[in-house]
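Structure first, then comments.
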Amino acid sequence: MLKDYSFDQTAVQTFDDHVALALKTEDLQVYYGSNHAMHDANLAFPKNQITALIGASGSGKSTYLRSLNRMNDTIATVTGKIWYHGVDINQPDVNIYEIRRHIGMVFQRPNPFAKSIRENIIYALRATGIKDKKVLNQRVEQSLKGAALWDEVKDTLDKSALALSGGQQQRLCIARSIAMEPDVLLLDEPCSALDPISTVKVEETLLELQKKYTIIIVTHNMQQAARISSQCAFFHLGHVMEYAPTATMFSTPKIQVTQDYVSGSFG
Amino acid sequence: MEQTSSGFKQEDTQPKDWAQQLHHATRATREDWFGRGISYLCIGVIILVVASMLWFITSKGIATFTQNHVNIGQFLTGTNWAPDQGKTGALPMIVGSFAVTFAAALVATPFAVGTAIFMTEIAPKRGRKVLQPVIELLVGIPSVVYGFIGLAVVVPFMRHLVGGSGFGIISATFVLFVMVLPTITTMTVDSLRAVPRFYKEASLALGATRWQTVSRVILRAATPGILTAIIFGMARAFGEALAVQMVIGNAAVMPKNLISPASTLTSQLTTGIGDTIDGTLPNNALWSLALILLLMSLFFNALVRVIAKRGQLSHER
């Protein structure tokens, strides 16, 4: 049985004005029908850092993540503000397609299209109207290099993406997202379907990518959060309980529920 | 039997014949044999029926060529159909059948795919609740009703619109269009629903619009299923007899245009079969038409299987 932790006691950090933020949510609520799945999420994400969202299954971290690029539009009701470059992007008149080009997303299961590796990457570029072959090829190379996949696939670009291993497919999905040159990259448990070696490669890739992008990653794996993230937010039953620099969170958590979770004596 | 505290049976009191115990049939094994027996019987009967039908149609159908010594090439390419005068050129009916089939599929496919996209992507709730039952109902309407509506509405309409008698390939196409539309639509809906959700999510997350996602990802992934749907629709159109017979005019002449009376393999069969005597050339010639129909439906089936196989390959993950 889960202990009854109080939701009143939370410890969520805020940032000073001089910290450049990529994304910020204010009182974000998510409802699936009458089910209130996310309560008052007030989080800010500093630029060019990796922020990890941790918590047990059903804690609302994926729900929260999917709200950030409006992927929940058709399945949930999201209220509250999502600030991005001074614009509240959680408004009905905001162009969601434009949002998703700037806030890319990588899913839990690698989901390449049943097309060639090259086609997978240029699919979205074409959709935005880029037709110049030179530009397309250049983007393919850049993004595959960015995702640390280039050396493995440069000779087989026109082979089916489905022939790649799970880890390679996931890095292809990352490449596909960064080919759009987004600001923010959202990753929803990108390594949970991967073996340890592939996981290490993806993590190395992410550490490299934070130089150019702001990364928000949902993970079940606390070691992963500790290894790669600078900031860490702990979710519990649809509430953000604690948000702090990762090192602080894991060494000296401020509240009991976080303490129990990171020490493994949860529940 | 006594049990020790550890749960093992005490064997030394009464030695048990394990070999006997494990070899003799129990109620469970007898039930198994019974169930298997019934399934084998059923499938045996079905195989027998299908095989004898194939044999019957084939033997009757080739009698034209073996008994009446009609040249098979002339049968397939001749344009003069008057079996009672010994003229057995079946090309007009073959052309008629293919013309109405392709025309109906050509007209119906865009509507069917459009409807299916609406039902699965644009208004999935209404699609499932309202449109699905309506379309399933359309599949169930007997073909004579379609034919009758064709005769009462489409033929006079065509007569007014383009002149002539109103009977012809275009009227048949119109009736068949309505008849194959539900078939193609329901199967296209199934194949669109079978497209994995992650394709759609991946595309949307990259900033592609709903239309781009549908046209470049979902339709692409569903293509084998849609082709299968079209072929099923064509098979239905090719085999439809009654409704076509009522509106096409049934003139066994090469169709020169879309609005003059023509005939199909099926319409010729239904109009002619009652007027011929078993074993004579006119009768055998009709059986040959039936054989062509049979071969064509086998061909359609084979095509569906080939496409299904290809489709599976491209969906592997």
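Taken in sequence, the protein lines are chains R and G. The numbering of the first sequence is UniProt numbering, which starts it at 1 and goes up by one. The numbering of the second sequence is UniProt numbering, which starts it at 1 and goes up by one. A virtual CB, placed ideally from N, CA and C, is assigned to each residue, including glycine.
Measuring CB to CB, does residue 167 of chain G end up less than 8 Å from residue 175 of chain G? no
Minimum Cβ-Cβ distance from residue 132 of chain G to chain R less than 8 Å: no
Any C-beta of chain G sitting closer than 8 Å to the C-beta of residue 124 of chain R? yes
Can you list, in chain order, the residues of its chain with a C-beta nearer than 7 Å to that of residue 50 of chain R? Leave out the 5 residues immediately preceding and following it. 206, 210, 215, 217, 228, 229 and 230
Completely contained alpha helix (DSSP H) runs for the stretch 125 to 154 of chain G, where each covers 4 or more residues: 132 to 140 and 143 to 149
Among the residues of its own chain, which have a CB less than 7 Å from the CB of residue 80 of chain G, if the five just before and after it don't count? 87 and 89
Contact the stretch 204 to 224 of chain G vs the stretch 174 to 187 of chain R: 3+ CB pairs below 8 Å: yes
Closer than 8 Å to chain R by CB, residue 195 of chain G: With 8 Å as the cut-off, residue 195 of chain G does not count as an interface residue toward chain R.
With three or more beta-carbon pairs closer than 8 Å as the criterion, would you say the stretch 241 to 257 of chain R touches the stretch 74 to 81 of chain R? Between the stretch 241 to 257 of chain R and the stretch 74 to 81 of chain R there are fewer than three inter-stretch CB-CB distances shorter than 8 Å, so the stretches are not counted as touching.
Return no unless some Cβ of chain R is closer than 8 Å to the Cβ of residue 207 of chain G. It does: the Cβ of residue 207 of chain G has a partner Cβ on chain R nearer than 8 Å.
Please confirm whether residue 34 of chain R has its beta-carbon closer than 8 Å to some beta-carbon of chain G. no
Pairwise C-alpha distance: residue 145 of chain G and residue 181 of chain R: 59 Å
Between residue 69 of chain R and chain G, is the shortest Cβ-Cβ distance under 8 Å, so that the two count as touching? yes
Rounded straight-line distance, which links the Cα of residue 227 of chain G to that of residue 107 of chain G: 14 Å
Quick one: grab the DSSP three-state call for residue 80 of chain R. In this structure, residue 80 of chain R counts as strand in the three-state DSSP scheme.
Inspect the CB distances between the stretch 125 to 142 of chain G and the stretch 169 to 188 of chain G and report whether three or more fall short of 8 Å. yes
Just curious, the alpha helix (DSSP H) that residue 20 of chain R is in, first and last residue? Run containing residue 20 of chain R: none; DSSP gives neither H nor E here.
At the level of alpha carbons, what is the spacing between residue 258 of chain G and residue 93 of chain G? Distance between the alpha carbons of residue 258 of chain G and residue 93 of chain G is about 14 Å.
Going residue by residue through the stretch 23 to 53 of chain G, where are the continuous beta strand (DSSP E) segments of at least 3 residues, counting only ones entirely within it? none
For residue 284 of chain G, count neighbouring Cβ atoms within 10 angstroms of its own Cβ and tell me buried if that reaches 16, exposed if not. It counts as buried.
So, helix, strand or coil for residue 245 of chain R, using DSSP? strand
Could you list which residues in chain R have their beta carbon closer than 8 Å to that of residue 201 of chain G, in chain order? 71, 107 and 111
Can you tell me whether DSSP reads residue 54 of chain R as helix, strand or coil? strand
Can you look up residue 39 of chain R in the DSSP assignment and give me helix, strand or coil? Strand, per DSSP.
Hey, is the stretch 165 to 179 of chain R in contact with the stretch 36 to 49 of chain R, meaning 3+ C-beta pairs nearer than 8 Å? no
Pair every Cβ in the stretch 133 to 152 of chain R with every Cβ in the stretch 192 to 208 of chain R, then say whether three or more of these pairs are closer than 8 Å. yes
Report yes if the C-beta of residue 123 of chain R is less than 7 Å from at least one heavy atom of the ligand NAP; otherwise report no. This structure lacks the ligand NAP, and indeed carries no ligand of any kind.
Could you check what DSSP says for residue 316 of chain G in three-state terms: helix, strand or coil? Note that residue 316 of chain G scores a pLDDT of 47, beneath 50, so its modelled location is shaky; the value from the coordinates is reported in the next line. Note: residue 316 of chain G maps to coil in three-state DSSP.
First and last residue of the alpha helix (DSSP H) that includes residue 238 of chain G? 219 to 239
Give me the chain R residues within the contact set of residue 198 of chain G, using Cβ-Cβ distance strictly less than 8 Å, ordered along the chain. Near residue 198 of chain G (Cβ distances below 8 Å), the residues of chain R are 107, 109 and 111.
For residue 178 of chain R and residue 143 of chain R, which I take to be in contact (beta-carbon distance under 8 Å), what is that distance rounded to the nearest angstrom? 5 Å
Would you mind telling me which residues of chain R sit closer than 8 Å to residue 204 of chain G, beta carbon to beta carbon, in chain order? Those within 8 Å of residue 204 of chain G in chain R are 71 and 100.
By Cβ distance below 7 Å, which residues in the same chain neighbour residue 31 of chain R in space, the five residues on each side in sequence not counted? 37, 76 and 77
For residue 238 of chain R, the three-state DSSP class (helix, strand or coil): coil
Could you confirm whether any beta carbon from chain G is found closer than 8 Å to the beta carbon of residue 176 of chain R? yes
Using the three-state DSSP reduction, which class does residue 87 of chain G fall into: helix, strand or coil? strand
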